[in-house]
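Colleague:
Numbering (my numbering), first residue to last: 366 to 577.
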């Protein structure tokens, strides 16, 4: 099991580790703010349902799914000479390997199922982005409502919140950083190598070589 799924297991473990750290630190920060305004602190279960936690979590998830979904779509038709993250400039150089074994059932079924399956990765990222975006919007609105209450101000409506600068500042600061990270990966793999990594060209490969 470890040999076949080690990468997924480690990534899941790291995600849960840092998510737990986020909960612990976020709970402390949020409770300090509540105590400063004479409010009772939250326990961990109530914190998980708070706007503070929901907004912070799905604000980041939203940007990650946007990044990966757009990256999947952009690499279909766009190229970068020399980057290990790009398909070859010449379509004749592409060698798509299909291992022996049964094809996925949508392929065997054909028709609309095969068409949808052919775009299922982008569709999945799109759906996860929209869900995370919606949860971020709700969580951010609830967090702002609480902030308004703590300051003795009237609560804001949902539409007013999502049309305001605070919500879009939260989103855009993450979106731009995600594209910067992808840009860095695309460009750095032209000149730099990491031995044995599938994200890198062979150490001996010339800079002009695109991928492997």
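Just so it is clear, CB atoms sit at the ideal spot from N, CA and C, and this is done for glycine as well. If you're wondering where the values come from, they're calculated on a predicted model, not measured in any experiment.
Quick one: any contact between the segment 561-575 and the segment 439-451, if contact means 3 or more CB pairs under 8 Å?
Modeller: Judged by Cβ distances under 8 Å, the segment 561-575 makes contact with the segment 439-451, as three or more pairs qualify.
Colleague: Looking at residue 505 and residue 416, is the spacing between their C-beta atoms short of 8 Å?
Modeller: Here residue 416 is taken as the residue at index 51 of the chain shown, counted from 1. Here residue 505 is taken as the residue at index 140 of the chain shown, counted from 1. For residue 416 and residue 505, yes; Cβs fall inside 8 Å.
Colleague: Note down, in chain order, each residue of its chain lying with its Cβ closer than 8 Å to the Cβ of residue 543, except the 5 sequence neighbours on either side.
Modeller: The residue you call residue 543 lines up with position 178 of the chain shown. So the list reads 428, 429, 431 and 432, once near-sequence residues are dropped.
Colleague: Closest to residue 423 by CA distance: which of 573, 500 and 570 is it?
Modeller: One-based indexing of the chain shown puts residue 423 at position 58. The candidate whose alpha carbon is nearest that of residue 423 is 500.
Colleague: Taking DSSP as the reference, what is the three-state secondary structure of residue 572?
Modeller: For this step, residue 572 is matched to residue 207 along the chain shown. In the structure shown, residue 572 sits in coil (DSSP, three-state: anything other than H, G, I, E or B).
Colleague: Let me know the alpha helix (DSSP H) ranges lying completely inside the segment 481-558, each 4 residues or longer, listed in chain order.
Modeller: DSSP runs (the alpha helix (DSSP H)) wholly in the segment 481-558: 485-515, 523-527 and 530-556.
Colleague: Could you check what DSSP says for residue 463 in three-state terms: helix, strand or coil?
Modeller: Locating residue 463 in the chain shown gives position 98, counting from the first residue. Note: residue 463 maps to coil in three-state DSSP.
Colleague: Locate the alpha helix (DSSP H) running through residue 406, then write down its first and last residues.
Modeller: Here residue 406 corresponds to residue number 41 of the chain shown, with the count starting at 1. Looking at the DSSP string, residue 406 is not in any alpha helix (DSSP H), and its letter there is neither H nor E.
Colleague: How would you label residue 403, buried or exposed, when you count the other beta carbons within 10 angstroms and need 16 or more for buried?
Modeller: Reading the chain shown from its first residue, position 38 is the one you call residue 403. The residue in question, residue 403, is exposed, as its Cβ has fewer than 16 Cβ neighbours within 10 Å.
Colleague: Does the pairing of the segment 433-441 with the segment 488-496 give three or more beta-carbon distances under 8 Å?
Modeller: Taking 8 Å as the limit for Cβ pairs, the verdict is that the segment 488-496 does touch the segment 433-441.
Colleague: When DSSP labels each residue in this structure, what does residue 435 get in the three-state scheme?
Modeller: In the chain shown, counting from the first residue as 1, residue 435 sits at position 70. The answer is helix: DSSP assigns residue 435 an H, G or I state.
Colleague: Could you give the first and the last residue of the continuous alpha helix (DSSP H) run that contains residue 563?
Modeller: Stepping through the chain shown from its first residue, residue 563 is reached at position 198. No alpha helix (DSSP H) contains residue 563, which DSSP labels as neither H nor E.
Colleague: Measuring alpha carbon to alpha carbon, tell me which of 371, 380 and 409 ends up nearest residue 388.
Modeller: In the chain shown, residue 388 corresponds to position 23, counting from 1. Minimum Cα distance to residue 388 is reached at 409.
Colleague: Would residue 526 be called buried (16 or more neighbouring beta carbons within 10 Å of its own) or exposed?
Modeller: Numbered from its first residue, the chain shown carries residue 526 at position 161. Per the 10 Å Cβ criterion, buried.
Colleague: Starting from the C-beta of residue 533, find all residues in its chain whose C-beta is less than 6 Å away, skip the five residues before and the five after it, and write them out in chain order.
Modeller: In the chain shown, residue 533 corresponds to position 168, counting from 1. Counting only Cβ-Cβ distances below 6 Å, and skipping sequence neighbours, we find nothing.
Colleague: For the candidate residues 397, 480, 524 and 551, whose alpha-carbon lies nearest to that of residue 443?
Modeller: Numbered from its first residue, the chain shown carries residue 443 at position 78. Minimum Cα distance to residue 443 is reached at 551.
Colleague: In this structure, does DSSP put residue 421 in helix, strand or coil?
Modeller: Within the chain shown, numbered from 1, the residue matching residue 421 stands at position 56. Three-state result, residue 421: helix.
Colleague: Quick check on DSSP: helix, strand or coil for residue 457?
Modeller: Locating residue 457 in the chain shown gives position 92, where the first residue counts as 1. In this structure, residue 457 counts as helix in the three-state DSSP scheme.
Colleague: Alpha helix (DSSP H) containing residue 474: first to last residue?
Modeller: Position 109 of the chain shown holds residue 474. Looking at the DSSP string, the run of the alpha helix (DSSP H) that includes residue 474 is 470-474.
Colleague: Starting from the Cα of residue 426, find the closest Cα among 561, 407 and 537 and give me that residue.
Modeller: What you label residue 426 is simply residue 61 of the chain shown in a count that begins at 1. Minimum Cα distance to residue 426 is reached at 537.
Colleague: Helix, strand or coil for residue 369 per DSSP?
Modeller: In the chain shown, residue 369 corresponds to position 4, counting from 1. If DSSP states are grouped into helix, strand and coil, residue 369 belongs with the helices.
Colleague: In whole angstroms, what is the alpha-carbon distance linking residue 374 and residue 367?
Modeller: Start at 1 with the first residue of the chain shown, and residue 374 comes out as number 9. Start at 1 with the first residue of the chain shown, and residue 367 comes out as number 2. Going from the Cα of residue 374 to the Cα of residue 367 covers about 8 Å.
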